[in-house]
Amino acid sequence: MAILGQLLVGLSRAMILFIVAAGLSLVLGVLRVPNVFHGSLYMIGAFVAWTVAEAMGGSPARLWVALAAAPIVTAAVGLAVERTLLCRLYHREHLMLILFTFGVMLVLNDLVKLSWGPTYRSLVPPEGLQGAVSVLGVALPRYNLVLLGAGPLVAGGLWLLVHRTRIGKIARAAATDREMVAVLGIDVGRVFAVAFGVGCFLAGLGGALVAPTTSITLGMDHTLLIESFLIVIIGGLGNLWGALVGSLLFGVAHSVGLLIWPQFAIAFPYAITAGVLLVRPQGLLRSVW
Amino acid sequence: MHMRRLAVLVILGMVAVTMSRAGAGPSPRLDRNIKVGVVDTYSGPPAVFGNDALNGFRLALEEINREGVLGARIEFVTRDEKFSPEIGLSMARELVLQERVDLLVGTINSATALAISAFAREQRVPFIVWISKSEQITGAKGHRYVFSTSENTAMAGKALAHALSRRGYARFWIGAEDYEYGHAVTNSFWRFMKRAKPEVTLLGQTWWRTGEPDLVPYLTQILQARPDAAFFGTGGAGMANLLRTMKVIGFAERVPSAIHTAIDVTVLRPLGTAAPEGVWGTTDYLFYYPESPDNREFVRRFQAAYRDPPGFPAFHGYITAHFIAEAYRRARSLDRERFIEALEGLRIRTPVGEVEMRACDHQAVLPLFFGRTRRDPQFPFLMAGNLVTIPGREAMPTCEDIQRARAQGR
Numbered sequence: 052m053a054i055l056g057q058l059l060v061g062l063s064r065a066m067i068l069f070i071v072a073a074g075l076s077l078v079l080g081v082l083r084v085p086n087v088f089h090g091s092l093y094m095i096g097a098f099v100a101w102t103v104a105e106a107m108g109g110s111p112a113r114l115w116v117a118l119a120a121a122p123i124v125t126a127a128v129g130l131a132v133e134r135t136l137l138c139r140l141y142h143r144e145h146l147m148l149i150l151f152t153f154g155v156m157l158v159l160n161d162l163v164k165l166s167w168g169p170t171y172r173s174l175v176p177p178e179g180l181q182g183a184v185s186v187l188g189v190a191l192p193r194y195n196l197v198l199l200g201a202g203p204l205v206a207g208g209l210w211l212l213v214h215r216t217r218i219g220k221i222a223r224a225a226a227t228d229r230e231m232v233a234v235l236g237i238d239v240g241r242v243f244a245v246a247f248g249v250g251c252f253l254a255g256l257g258g259a260l261v262a263p264t265t266s267i268t269l270g271m272d273h274t275l276l277i278e279s280f281l282i283v284i285i286g287g288l289g290n291l292w293g294a295l296v297g298s299l300l301f302g303v304a305h306s307v308g309l310l311i312w313p314q315f316a317i318a319f320p321y322a323i324t325a326g327v328l329l330v331r332p333q334g335l336l337r338s339v340w
Numbered sequence: 002m003h004m005r006r007l008a009v010l011v012i013l014g015m016v017a018v019t020m021s022r023a024g025a026g027p028s029p030r031l032d033r034n035i036k037v038g039v040v041d042t043y044s045g046p047p048a049v050f051g052n053d054a055l056n057g058f059r060l061a062l063e064e065i066n067r068e069g070v071l072g073a074r075i076e077f078v079t080r081d082e083k084f085s086p087e088i089g090l091s092m093a094r095e096l097v098l099q100e101r102v103d104l105l106v107g108t109i110n111s112a113t114a115l116a117i118s119a120f121a122r123e124q125r126v127p128f129i130v131w132i133s134k135s136e137q138i139t140g141a142k143g144h145r146y147v148f149s150t151s152e153n154t155a156m157a158g159k160a161l162a163h164a165l166s167r168r169g170y171a172r173f174w175i176g177a178e179d180y181e182y183g184h185a186v187t188n189s190f191w192r193f194m195k196r197a198k199p200e201v202t203l204l205g206q207t208w209w210r211t212g213e214p215d216l217v218p219y220l221t222q223i224l225q226a227r228p229d230a231a232f233f234g235t236g237g238a239g240m241a242n243l244l245r246t247m248k249v250i251g252f253a254e255r256v257p258s259a260i261h262t263a264i265d266v267t268v269l270r271p272l273g274t275a276a277p278e279g280v281w282g283t284t285d286y287l288f289y290y291p292e293s294p295d296n297r298e299f300v301r302r303f304q305a306a307y308r309d310p311p312g313f314p315a316f317h318g319y320i321t322a323h324f325i326a327e328a329y330r331r332a333r334s335l336d337r338e339r340f341i342e343a344l345e346g347l348r349i350r351t352p353v354g355e356v357e358m359r360a361c362d363h364q365a366v367l368p369l370f371f372g373r374t375r376r377d378p379q380f381p382f383l384m385a386g387n388l389v390t391i392p393g394r395e396a397m398p399t400c401e402d403i404q405r406a407r408a409q410g411r
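Going line by line, the protein sequences match chains F and H. No gaps in the numbering here: position 251 of the first sequence is 302 in the numbering used here, and each next residue is one more. No gaps in the numbering here: position 7 of the second sequence is 8 in the numbering used here, and each next residue is one more.
Written out as structure tokens, the structure is:
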């Protein structure tokens, strides 16, 4: 019983990790860009959600409006960077792309500091989502039910986008062979822009979703960026379902590790990551690279 | 008759004048202003604390400079160490070697404070630490040139152990952020808890990374272990996360919890009503307690100048300025060694009562306030109730403890 309850608690974190890592993985798969400022967009998503919720005062819809607005803002920020600068660099080697996105990360983080200042912010969830419910003998915050619902919704939405839409199919094709797609007369640049926009949208959505559960603060992007990269790597580069498997493994290892050996729980997810990479260096699922 | 009376009065008057300058001769005047170099964090999240301390310091200097110190003024320059010991150290070096400051003051970052402390010792420049809470500063790594006007992890741990040892809890759980402060405060708590009540047992401990966003699994796990009480070691944004999660899952209702600074205004104000009620905590400054005229007056003037009520860093900044001014008045010169001797054992009047700079370890003997978080309809954030004052002498490690720690540190 205790283990099941603890699993459920770990799953809510896994859902956030999945949403953010899926965005990172999409960009890695389609554009072949390791986007280092993905974490900054997650942080911006959280801050924007806070600002929107504050602006709406006591309105009961404030959380939902914030959850809708924040990812749109981060997608816009991401697209602005992609259309003005990043789109000129696609032919460069990976090291250059990492350096470029790293530079953008520093700029964005300073902009966050200028816009929101150094203090941390708190977003209080609406009345009905405060407090906790007892599930399987564990106190599960009510708001975590939103997270547990959001994960499958995003996964389903992504599946539809990638497998059921024209742009998704082209994106998959471009991921495999971008030259062949271009030869067929398809505007690869536009496909890349859409994929990048969706990736940034997911980063912002993750940030907005996490906002009511934690301190919204400068530096909240660091751990998440590292964890998302690890998840993408153990899942298989560019594979969305790999991101899902990786996040579940990561989140669950963490919360169950706490039950088994609380003093060293910090190390559990990383030990699992190392174990996976020893056994399957290419990742659990097929990498599109 | 008349003449004799007058003569007696004149003699008495002369005696009074001489007495007032007891053993001093004419008061010397300084030929230049006193220059203080402030190194602290003024960018990034910890800047909130750095700025609060500086505001308190500035407010005190306005009062001090109105009457002057030995005919001179106290000036200061600030440097932003950006929460980095390397930057902080080079800033301190620049302030001492180029700006030629008379003494250094800072910083929120314990690692920076220790780095500057080592430099201050080598350069023989006084350095007063005003925010960072590492007990090493005036403990194991203390020396002639370093002072602290901040409470520290040893005092916090001892005060909380002292208060909790009387409450009948036998089985404890310790949860903390895996960084210097988290380790220092929990070590100190457990050491003094064991000393105060040898029969207590540690059921288990949990450590999480700084910046860990989701503390729910950590706390649900502790709930399942059912300890009698929990002690947490965390600060800054991590503290906000912990308190928020405790409130959401109703942790403090089920496991009595104690955290240093949990009742602090700088912690509770940003959380609003997201903070849990019933958490035990300590702090060395509250703007609403003690309700003494001195504290009220300090708060009134601080709010007139900066709108918000002062936090604990502002209090530290304020008393630091007064310690500096009084020490120069006593030293009667700009000589660094005489300044240090004057500061040792110096007692000044502060908003929380008289505070002494203990001579044996250069640690300000600050009282700690122990209480429990509670809603107060007058304020949009939680306040502390059931407040008791733990005198500084009781909260501090003894001079023998300090000597032992320093001997081991060498």
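Where a beta carbon is used, it is the ideal one built from N, C-alpha and C, also for glycine. Just so it is clear, the structure is predicted and the values come from calculations on it, not from any experiment.
Start and end of the alpha helix (DSSP H) containing residue i?
i	result
H:E63	48 to 68
F:M107	Run containing F:M107: none; DSSP gives neither H nor E here.
F:H145	145 to 167
F:R223	217 to 227
F:C138	Counting along the chain, F:C138 falls outside any alpha helix (DSSP H), and DSSP gives it neither H nor E.
H:M92	86 to 98
F:L75	53 to 82
H:A141	Careful: H:A141 lies outside any alpha helix (DSSP H) and carries neither H nor E.
H:E136	Note, H:E136: premise wrong, no alpha helix (DSSP H); not H, not E.
H:G45	Element bounds for H:G45: n/a, residue is neither H nor E.
H:S118	111 to 124
H:A406	400 to 410
For residue i, which beta-bridge partners are listed by DSSP?
i	result
H:R348	H:E357
F:V186	F:V189
F:S91	Paired residue(s): none; F:S91 is not in a bridge.
H:G38	H:V78, H:L105
H:I129	H:V106, H:F148
H:M384	H:R375
H:F370	H:T284, H:T390
H:Q206	H:I175
H:A365	H:M358
H:A73	H:V70
F:I172	Looking at the sequence provided, one finds Arg at residue 172 of chain F rather than Ile. DSSP, once it has assigned bridges, lists F:I267 as partnering F:R172.
Using a 10 Å radius around the Cβ and a threshold of 16 neighbouring Cβ atoms, would you call residue i buried or exposed?
i	result
F:S279	buried
H:D362	buried
H:A396	buried
F:V155	buried
F:L68	buried
F:V234	exposed
F:A112	exposed
F:I7	Outside the displayed span of chain F (52 to 340) sits residue 7 of chain F, for which this structure offers no information.
F:L329	exposed
H:I403	buried
H:N387	exposed
F:L276	buried
F:Y227	First, the amino acid is wrong: residue 227 of chain F is Thr here, not Tyr. Classification for F:T227: exposed.
H:Y235	Per the sequence shown, residue 235 of chain H should be read as Thr rather than Tyr. That one is buried.
Could you tell me the boundaries of the beta strand (DSSP E) in which residue i lies?
i	result
H:N153	Here H:N153 belongs to no beta strand (DSSP E), and DSSP marks it neither H nor E.
H:G312	Counting along the chain, H:G312 falls outside any beta strand (DSSP E), and DSSP gives it neither H nor E.
- Task: Examine the Cβ distances between the segment 255 to 263 of chain H and the segment 276 to 284 of chain H and report whether three or more of them are shorter than 8 Å.
- Result: Look at the beta carbons and you see the segment 255 to 263 of chain H touching the segment 276 to 284 of chain H: at least three pairs across the two are nearer than 8 Å.
- Check whether the segment 244 to 253 of chain H touches the segment 173 to 191 of chain F, taking contact to mean three or more Cβ pairs, one atom from each stretch, closer than 8 Å. Yes: at least three Cβ pairs fall under 8 Å.
- Item | Runs of alpha helix (DSSP H) lying entirely within the segment 232 to 318 of chain F, each at least 4 residues, in chain order | At a cut-off of 4 residues, the continuous stretches assigned as alpha helix (DSSP H) that sit fully inside the segment 232 to 318 of chain F are 239 to 261, 271 to 286, 291 to 311.
- Task: Output the residue ranges of the beta strand (DSSP E) runs that lie fully inside the segment 161 to 196 of chain H and measure 3 residues or longer, sorted by chain position.
- Result: Qualifying beta strand (DSSP E) stretches, in chain order: 172 to 178.
- Task: Would you be able to state if there are at least three C-beta pairs under 8 Å between the segment 349 to 368 of chain H and the segment 108 to 124 of chain H?
- Result: The way I'd put it, the segment 108 to 124 of chain H doesn't touch the segment 349 to 368 of chain H; fewer than three beta-carbon pairs between them come closer than 8 Å.
- Message: I want to know whether the segment 248 to 256 of chain F touches the segment 154 to 171 of chain F - three or more CB-CB distances under 8 Å.
- Response: Taking a cut-off of 8 Å for Cβ pairs, the segment 248 to 256 of chain F and the segment 154 to 171 of chain F do not touch, as fewer than three such pairs fall below it.
- Message: My parser needs the beta strand (DSSP E) runs of 3 or more residues fully inside the segment 208 to 295 of chain H; what are they?
- Response: If we require 3 residues or more, the beta strand (DSSP E) runs fully inside the segment 208 to 295 of chain H come out as 230 to 234, 258 to 261, 281 to 284.
- Message: Could you check whether the segment 194 to 207 of chain H touches the segment 164 to 174 of chain H, counting it as contact only if at least three pairs of C-beta atoms, one from each stretch, sit closer than 8 Å?
- Response: Cβ pair count under 8 Å is three or more, so yes.
- Message: For the pair the segment 291 to 309 of chain F and the segment 249 to 268 of chain F, tell me if three or more CB-CB distances fall below 8 Å.
- Response: Contact between the segment 291 to 309 of chain F and the segment 249 to 268 of chain F is absent: fewer than 3 CB-CB pairs across the two stretches fall below 8 Å.
- Task: Flag this pair as touching only if the segment 96 to 111 of chain H and the segment 62 to 69 of chain H have three or more C-beta atom pairs under 8 Å; answer yes or no.
- Result: Here the segment 96 to 111 of chain H makes no contact with the segment 62 to 69 of chain H; the two share fewer than three CB pairs at distances below 8 Å.
- If you pair each beta-carbon of the segment 149 to 162 of chain H with each one of the segment 331 to 350 of chain H, do three or more pairs fall below 8 Å? No contact exists between the segment 149 to 162 of chain H and the segment 331 to 350 of chain H.
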